[in-house]
Amino acid sequence: MGERFTDTSARHQLLVGEPIEEHRHPEEEVRFMSEGTAFFDIRDYQDKWVRIQFNEGDILVLPPNAYHRFMINEKVALSRVYPTGQAYSAEHREI
């Protein structure tokens, strides 16, 4: 733990084992994992967490405005695709 890695699309520094805080995006989010594993936690329609293990070779599509967070378990190569051509924007959830 404590090693930093880079999200290859948004250039965020990610810390192994620490969750990225809960947030959502106004646009659909498409992610491709080319190396490593991570967990994505997504809120369902009843506001409960659903955990998805995201492995090398997986593609994950999140609908617009779906609250989510994630945690990497090891070195990852994680890319984000912006299908609408929009710039990155995120709204963090106030708890």
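Numbering-wise, my numbering puts 41 at position 58 of the sequence shown, and it's gapless, one number per residue. Ideal Cβ placement from N, Cα and C applies to all residues, glycine included.
Residue range of the unbroken beta strand (DSSP E) whose run includes residue i
{"i": "residue 52", "result": "51 to 55"}
{"i": "residue 17", "result": "12 to 18"}
{"i": "residue 21", "result": "21 to 26"}
Backbone CA spacing between residue i and residue j [nearest angstrom]
{"i": "residue 13", "j": "residue 29", "result": "23 Å"}
{"i": "residue 19", "j": "residue 49", "result": "24 Å"}
{"i": "residue -1", "j": "residue 56", "result": "6 Å"}
{"i": "residue 16", "j": "residue 74", "result": "23 Å"}
{"i": "residue 32", "j": "residue 42", "result": "20 Å"}
{"i": "residue -11", "j": "residue 58", "result": "For residue -11, the predicted model reports a pLDDT of 41, less than 50, meaning its position is unreliable; a value from the coordinates is still stated below. Their Cα atoms are separated by approximately 9 Å."}
{"i": "residue 26", "j": "residue 60", "result": "24 Å"}
{"i": "residue -15", "j": "residue 47", "result": "With a pLDDT of 45 at residue -15, under the threshold of 50, the predicted position of this residue should be treated as unreliable, though the coordinate-derived value follows. When rounded, the distance between both Cα atoms is 31 Å."}
{"i": "residue 6", "j": "residue 77", "result": "9 Å"}
{"i": "residue -3", "j": "residue 35", "result": "18 Å"}
{"i": "residue 3", "j": "residue 37", "result": "15 Å"}
{"i": "residue 52", "j": "residue 23", "result": "6 Å"}
Three-state secondary structure assigned by DSSP to residue i
{"i": "residue -14", "result": "In this prediction, residue -14 has a pLDDT of 47, which is less than 50 and means its spatial position is unreliable; nothing more can be read from the coordinates."}
{"i": "residue 8", "result": "coil"}
{"i": "residue -9", "result": "Confidence is the limiting factor: at residue -9 the pLDDT is only 46, short of 50, which leaves the residue's position unreliable and the question unanswerable from this model."}
{"i": "residue 63", "result": "strand"}
{"i": "residue 76", "result": "coil"}
{"i": "residue 36", "result": "strand"}
{"i": "residue -1", "result": "coil"}
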